[in-house]
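Visitor: First to last, the protein sequences are chains A and B.
Under this note's numbering, the first residue of the first sequence is numbered 1, with each subsequent residue one higher.
Under this note's numbering, the first residue of the second sequence is numbered 1, with each subsequent residue one higher.
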Amino acid sequence: MHVSSLKNINMENEDLMVIVKETIAPYTEETDILENIDKDTDFIRDLKINSASLVDIVLDLEERFTIEIDNESMAKMLTVGASIEVIKTKLGEGDRE
Amino acid sequence: MDLHQAALDNNWQRKGFLHKVFTSPEQQLIQEAASPNYMVWLLWSMKEASYKIVNRTKCFRSYNPTSFCCISLTNDRGDTSGIVSYGKNKFFIRSFYGVDFIHSIAVVSQQDFEHIHSHLLPNRPDYVEAFNSALPDYVIRKSTTGIPQMLHRSNHTTHAASISHHGRHLAIIYSDVPLSGD
Chain A
1 MHVSSLKNIN
11 MENEDLMVIV
21 KETIAPYTEE
31 TDILENIDKD
41 TDFIRDLKIN
51 SASLVDIVLD
61 LEERFTIEID
71 NESMAKMLTV
81 GASIEVIKTK
91 LGEGDRE
Chain B
1 MDLHQAALDN
11 NWQRKGFLHK
21 VFTSPEQQLI
31 QEAASPNYMV
41 WLLWSMKEAS
51 YKIVNRTKCF
61 RSYNPTSFCC
71 ISLTNDRGDT
81 SGIVSYGKNK
91 FFIRSFYGVD
101 FIHSIAVVSQ
111 QDFEHIHSHL
121 LPNRPDYVEA
131 FNSALPDYVI
141 RKSTTGIPQM
151 LHRSNHTTHA
161 ASISHHGRHL
171 AIIYSDVPLS
181 GD
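Structural data, given as structure tokens:
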């Protein structure tokens with residue numbers, strides 16, 4: 001039971017990672033880094049995404065998941081992993097409503 | 001910042017964009033501006049310049065453009081002065097523009113402007129050589145933590161510096177006051 005629920009969490013993270021990767025692809029020229037992204041990949045330092053484009057990425061993710069990302073949550077979204085955490089939280093909030 | 005590059009990369013008219021970046025009074029400034037496009041990028045560059053100070057002094061990173069509030073903008077023949085407030089901090093800003101760029105400088109104290117020098121260059125990989133050969137007194141180097149600094153050729157003092165690049169433009173600013181410790 002414990003193992004299978006962990007597995008679900010991992011799968012969910014992997015699915016989210018794929019979608020995040022697709023979403024950020026148009027905004028980076030660092031294709032090699034994009035190909036090998038992990039949760040620690042930094043949008044600005046590693047993927048060299050311009051800071052104004054981070055807003056576009058947040059808006060794209062909002063549309064993709066039909067969620068609303070408040071400015072406080074957006075403040076954390078500097079890495080792939082942090083963004084996945086925000087998306088998960090927002091999806092969870094949606095479920096509870 | 002390169003206005004031509006911004007027009008290519010970022011559509012600020014997209015639904016939701018302004019709301020995520022600008023406070024309500026800033027959005028009003030944009031709406032009422034003779035050139036809303038210019039105002040968007042002017043305010044953005046003021047915020048970015050201030051963010052650089054926070055990022056350097058607090059070693060803290062966060063993506064919160066609406067926490068940087070541009071206030072008290074005054075315009076003098078196209079050049080803009082203003083203040084950016086961030087929590088309890090206040091930064092003083094001077095912005096000037098060219099045909100296709102806006103350059104904003106943020107400082108902690110008004111008097112700092114008297115000691116700051118700007119050098120604008122094309123954004124090319126060999127900009128360090130270009131700068132070093134253009135200025136007789138200073139050379140650029142990177143500190144051990146990767147932050148750019150100026151080294152005075154004859155006094156051997158180190159000076160605070162900042163490099164910004166966007167699209168085709170690059171700006172190097174530095175202070176003629178040596179960093180403490182020299």
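All residues carry an ideal CB built from backbone N, CA and C; glycine is no exception.
Does the contact criterion of 3 or more C-beta pairs under 8 Å hold for the stretch 77-93 of chain B versus the stretch 152-162 of chain B?
Guide: no
Visitor: Taking Cβ-Cβ distances below 8 Å as the criterion, which residues of the stretch 43-71 of chain A are in contact with chain B?
Guide: 50, 51, 52, 53, 54, 55, 56, 58, 59, 62, 71
Visitor: In this structure, does DSSP put residue 178 of chain B in helix, strand or coil?
Guide: DSSP places residue 178 of chain B in strand when its eight states are reduced to three.
Visitor: Per the contact definition of three or more C-beta pairs closer than 8 Å, is the stretch 91-111 of chain B in contact with the stretch 121-131 of chain B?
Guide: no
Visitor: Closer than 9 Å by beta-carbon distance: list the chain A residues that pair up with residue 26 of chain B, in chain order.
Guide: Per Cβ cutoff of 9 Å: no residues; residue 26 of chain B is ~13 Å from chain A at best.
Visitor: By the 9 Å beta-carbon criterion, what residues does the stretch 46-76 of chain B contribute toward chain A?
Guide: Listed by position, the residues of the stretch 46-76 of chain B near chain A (Cβ gap below 9 Å) are 48, 51, 61, 62, 63, 64, 65, 66, 67.
Visitor: With DSSP collapsed to three states, give me the class of residue 2 of chain A.
Guide: Caution is warranted here: a pLDDT of 47 is assigned to residue 2 of chain A, below 50, making its placement in the model unreliable, and no coordinate value can be reported.
Visitor: Show which residues of chain A have a CB atom less than 8 Å away from the CB atom of residue 6 of chain B.
Guide: 52
Visitor: At the level of alpha carbons, what is the spacing between residue 2 of chain B and residue 59 of chain B?
Guide: 26 Å
Visitor: Kindly indicate if chain A contains any beta-carbon less than 8 Å away from that of residue 146 of chain B.
Guide: no
Visitor: Look at the Cβ atom of residue 112 of chain A, then the Cβ atom of residue 64 of chain B, and state whether they are nearer than 8 Å.
Guide: Nothing can be reported for residue 112 of chain A, as the shown portion of chain A is limited to 1 through 97.
Visitor: Should residue 113 of chain B be flagged as near chain A, meaning a C-beta pair shorter than 8 Å?
Guide: no
Visitor: Could you compute how far the alpha carbon of residue 167 of chain B sits from the alpha carbon of residue 8 of chain B?
Guide: 10 Å
Visitor: Report yes or no: is there a C-beta of chain A within less than 8 Å of the C-beta of residue 20 of chain B?
Guide: yes
Visitor: Would residue 75 of chain A count as contacting chain B if we go by Cβ distances under 8 Å?
Guide: yes
Visitor: Please classify residue 66 of chain A: is it buried, with 16 or more other beta-carbons within 10 angstroms of its beta-carbon, or exposed?
Guide: exposed
Visitor: Please compile the residues from chain A whose C-beta is within a distance smaller than 9 Å of the C-beta of residue 14 of chain B.
Guide: 55, 56, 59
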